[in-house]
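Below you'll find the structure, written out as structure tokens, and then a few comments.
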């Protein structure tokens with residue numbers, strides 16, 4: 001499914017979103033875990049245009065990003081990547097929101113939103129550069145209107161708010177969308193970003209994927225109220241949506257985007273999902289997590305859910321499944337090849353992309369470093385690591 | 001072709017992993033990413049997906065083996081055009097390497113190492129923090145070529161008139177007979193050279209030399225103002241200093257500034273430092289102290305007590321028939337007090353068995369006594385000291401001290417201690433924070449007995465006072481138990497009659 005250029009217009013945003021005073025409110029859900037499409041008086045409107053074909057496309061996207069995730073995890077286990085943060089279980093939250101964006105919207109994400117990056121059209125090899133340790137960032141943010149992933153927890157929310165202030169000054173109707181997790185809502189950066197976003201009423205969407213675990217810290221320790229209710233303290237309307245329901249996520253994201261484009265200011269979306277894998281490949285969740293919990297969430301698997309919906313609609317043909325699998329395998333192959341044939345950086349590459357214009361200090365340092373490298377025994381090895389191998 | 005898969009760093013900065021099980025056997029055909037093994041790292045149990053599609057040729061490590069990162073664990077027979085396998089004939093950069101090497105070298109890059117030689121093998125790596133990072137290797141660094149200043153380099157950038165006179169490298173860096181210092185010297189010379197060349201030498205300036213040479217001169221006690229520099233623009237070189245030293249020294253024999261002369265000078269004239277190899281008791285003591293200080297969290301308490309009644313008791317006992325010929329000291333009574341107090345506070349007589357996750361509480365006391373011997377500190381112990389009468393204890397203490405001083409302590413007497421006393425009072429010291437003899441829960445330091453004005457029955461009187469310092473392993477002993485024990489020892493020494501209330 002291509003990036004959504006529609007979603008403008010429509011009725012005023014649902015009331016419940018404007019007045020986020022309730023506690024323990026229900027999740028917005030459009031598809032049940034068994035694949036039943038249930039109607040919702042406010043949110044049905046926002047996905048009225050989603051065709052069967054697009055549903056299949058969403059299914060494909062989610063399957064593909066799960067495959068990307070599996071492949072990258074394998075690459076890490078095989079020593080090809082230093083680390084990888086799996087997104088297993090969060091496919092609907094990423095695809096549902098990522099596919100609701102316009103190309104001129106700008107994404108500021110954490111390190112786990114590789115599915116969102118896929119929606120933005122990122123080169124698959126670029127996703128891996130940082131994790132392979134060959135580059136300090138993977139891509140030029142302006143080519144896909146998505147900043148490179150932020151490792152510092154929650155820092156990207158500030159960038160998004162700042163960018164949204166810029167949009168406001170430009171008088172544009174694009175939106176800055178920032179992704180972060182449940183743990184990040186306890187960070188100062190996220191709170192500051194929300195204060196500024198509310199003060200200036202800037203077009204930013206705070207998309208919080210509540211995957212229930214901040215590494216080993218359960219969300220219930222982080223917040224005694226629902227995360228969506230935290231937004232009320234900043235005067236930011238919020239939505240609490242079933243993050244494993246791709247349609248509900250898409251509807252909620254469109255509501256928030258629409259408000260932002262109309263000058264209605266920020267929205268906070270809590271997408272309730274679950275991190276079914278480890279925090280990163282260096283983590284072992286069995287040490288702190290109850291296996292029953294994982295089982296409960298596996299029953300709400302986002303891909304099974306959309307597959308069940310397609311099944312009910314008679315769309316889940318063997319052909320579709322094979323096509324999707326082939327696509328996923330092809331993407332995985334492309335990524336693996338891109339990873340294992342990625343050239344190692346030259347020592348002097350560290351000076352590249354530091355300043356946009358020539359800088360005499362940096363040139364000086366580069367010159368010194370080059371001369372330092374030249375003092376090593378093998379002149380070829382000094383300049384090129386590869387040459388010495 | 002055969003492809004080896006080397007154990008990658010499966011976490012962040014891990015150095016080894018344990019093979020838990022193989023999911024495949026030799027001869028099995030595996031597909032890419034098929035799980036072939038289960039491996040446990042310091043952080044997690046993980047499944048290893050096969051990096052190749054092919055046939056298993058060899059399993060290099062058996063289940064249960066702890067394998068260093070970078071060691072081959074399995075070999076595959078793969079088709080020559082290895083397909084998606086990382087060692088494809090693709091990019092020139094990654095081309096000739098296999099996945100295992102990639103894995104190892106990625107680690108090197110992550111550690112910020114510019115490893116120029118992959119053939120150097122896998123350097124030994126040790127974690128510096130649990131689970132994070134690894135120490136930077138001291139080996140495997142590419143060898144640096146000696147510099148060839150000033151033939152090329154920054155000097156060329158200087159204006160011609162301030163450029164140093166054309167010299168050959170040999171003139172600036174005379175062949176130094178001390179190889180260990182050559183590198184340092186040559187590393188620094190050029191930098192100073194340029195500074196000096198840029199500023200020129202002004203009248204009244206201190207003699208021109210380089211920091212290592214100034215250090216050498218200072219160490220040798222040479223006044224650089226008296227040395228004639230032979231380097232460019234009068235720069236005083238290492239050789240000049242050594243030469244000067246040689247000509248000054250009667251012991252040096254010849255006037256040549258070579259290493260033998262220098263060594264002679266160092267040994268013959270006022271030696272400013274002595275370097276002694278770390279070995280023997282010193283090495284053992286150091287290791288034991290480091291181990292103790294950094295594994296057992298030490299807490300130390302002090303108690304100053306009026307021991308006049310104990311000193312009076314000692315005097316009476318010395319005169320008694322029973323103790324005739326027996327050496328009695330404050331240590332004797334303190335040791336007895338410790339043994340009595342331990343009965344009431346058994347936690348102080350225990351051991352932390354981290355391996356088995358158990359606390360061992362001893363029902364006997366092997367009382368260690370720190371002894372200064374000619375070879376260094378030893379802590380022989382008296383076995384089952386709690387079962388000895390005061391006479392036997394006094395005899396055992398003096399025998400132990402004599403044997404230790406003669407350097408004849410038998411190894412069994414040095415092991416198996418359960419608690420120790422160190423008598424720092426014999427050196428006139430009042431108090432300290434003793435470090436536990438490794439494996440023991442407590443150590444008591446006895447201070448010197450001093451005559452001091454002290455409160456006695458409501459008045460200030462000249463009393464004999466001693467400070468007790470008790471260190472204990474806070475894993476085993478809480479402040480309460482440590483305090484009660486120390487109070488008991490103090491109470492006995494302050495009023496030996498109180499023993500009647502304790503036993």
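Residue numbers (the UniProt record's numbering), protein chains in the order written: chain A, 1 to 389; chain B, 1 to 503.
Even for Gly, the Cβ is constructed at its ideal location relative to N, Cα and C.
Since we're looking at a predicted model, the values are computed, not measured.
Residues bridged to residue i [DSSP beta-bridge criterion]
i	result
residue 22 of chain B	B:37
residue 29 of chain B	B:55
residue 473 of chain B	B:298
residue 517 of chain B	No information on residue 517 of chain B is available, as it lies outside the stretch 1 to 503 that chain B covers here.
residue 209 of chain A	A:181 and A:271
residue 137 of chain A	In the DSSP output, where bridge partners are listed per residue, residue 137 of chain A has none listed.
residue 45 of chain B	B:40
residue 3 of chain B	B:76
residue 17 of chain B	B:67
residue 46 of chain A	Residue 46 of chain A pairs with nothing; no bridge assigned.
residue 508 of chain B	Since the displayed chain B opens at 1 and closes at 503, residue 508 of chain B lies outside it and no answer follows.
residue 146 of chain A	A:107
Same chain, Cβ closer than 6 angstroms to residue i, five either side skipped, listed in chain order
i	result
residue 345 of chain B	481, 484 and 485
residue 375 of chain A	none
residue 327 of chain B	398
residue 75 of chain B	2, 4, 57 and 58
residue 578 of chain B	Past the edges of chain B, shown from 1 to 503, lies residue 578 of chain B, and the structure says nothing about it.
residue 160 of chain A	108, 176, 178 and 204
residue 341 of chain B	485, 488 and 489
residue 391 of chain A	What the structure shows of chain A is the stretch from 1 to 389, and residue 391 of chain A is not part of that stretch, so it cannot be assessed.
residue 193 of chain A	157, 158 and 161
heavy atom of the ligand FAD below 7 angstroms from residue i C-beta
i	result
residue 394 of chain B	Of the ligands one can find in the structure shown there are none, so the ligand FAD has no counterpart to examine.
Same chain, Cβ closer than 7 angstroms to residue i, neighbours up to 5 away in sequence not counted
i	result
residue 407 of chain B	373, 374 and 375
residue 261 of chain A	8, 173, 175 and 203
residue 33 of chain B	49 and 50
residue 285 of chain B	376 and 377
residue 308 of chain A	34 and 35
residue 409 of chain B	378, 380 and 403
residue 40 of chain A	28 and 30
residue 391 of chain B	322, 323 and 326
Contact list for residue i against chain A, beta-carbon separation under 8 angstroms
i	result
residue 43 of chain B	282, 283 and 284
residue 9 of chain B	79 and 82
residue 460 of chain B	Going along chain A, no residue has its Cβ under 8 angstroms from residue 460 of chain B, so there is no contact; the nearest lies around 59 angstroms.
Where residue i meets chain B, residues with beta-carbon distance less than 7 angstroms
i	result
residue 83 of chain A	12
residue 74 of chain A	33 and 49
Neighbouring residues, chain A, relative to residue i (Cβ below 7 angstroms)
i	result
residue 46 of chain B	77
8 angstroms CB neighbourhood of residue i in its chain, flanking five on each side removed
i	result
residue 494 of chain B	305, 306, 307, 309 and 310
residue 76 of chain A	82, 83, 84, 131 and 281
residue 362 of chain A	351, 354 and 355
In chain order, each beta strand (DSSP E) run of at least 3 residues that lies wholly inside the region 328-382 of chain B
350-353, 358-361, 367-369, 371-373 and 376-378
Examine the Cβ distances between the region 98-112 of chain A and the region 38-47 of chain B and report whether three or more of them are shorter than 8 angstroms.
no
Along the chain, which unbroken stretches of the alpha helix (DSSP H) at least 4 residues long are found entirely within the UniProt domain "Peripheral subunit-binding (PSBD)" (208-245) of chain B?
211-220
Specify whether the region 429-439 of chain B and the region 459-478 of chain B touch according to this definition: at least 3 beta carbon pairs, one from each stretch, less than 8 angstroms apart.
yes
For the structure I just gave you, are there three or more beta carbon pairs, one from the region 337-356 of chain A and one from the region 119-130 of chain A, closer than 8 angstroms?
yes
Ranges of the beta strand (DSSP E) found wholly within the region 72-119 of chain A, counting only runs of at least 3:
106-108
Continuous beta strand (DSSP E) assignments of at least 3 residues falling wholly in the region 192-254 of chain A
204-210 and 238-242
Can at least three beta-carbon pairs, one atom from the region 231-239 of chain B and one from the region 205-223 of chain B, be found at a separation below 8 angstroms?
yes
Check whether the region 350-362 of chain A touches the region 85-94 of chain A, counting contact only when three or more Cβ pairs, one atom from each stretch, lie closer than 8 angstroms.
no
Is the region 191-203 of chain A touching the region 263-279 of chain A in the sense that three or more CB pairs, one from each, lie closer than 8 angstroms?
yes
The region 136-147 of chain A in contact with the region 211-221 of chain A per 3-pair CB rule at 8 angstroms
no
Counting Cβ pairs closer than 8 angstroms, one from the region 235-251 of chain A and one from the region 292-312 of chain A, do we hit at least three?
yes
Can you confirm whether the region 346-357 of chain B touches the region 441-450 of chain B when touching is taken to mean that 3 or more C-beta pairs between the two stretches lie within less than 8 angstroms?
yes
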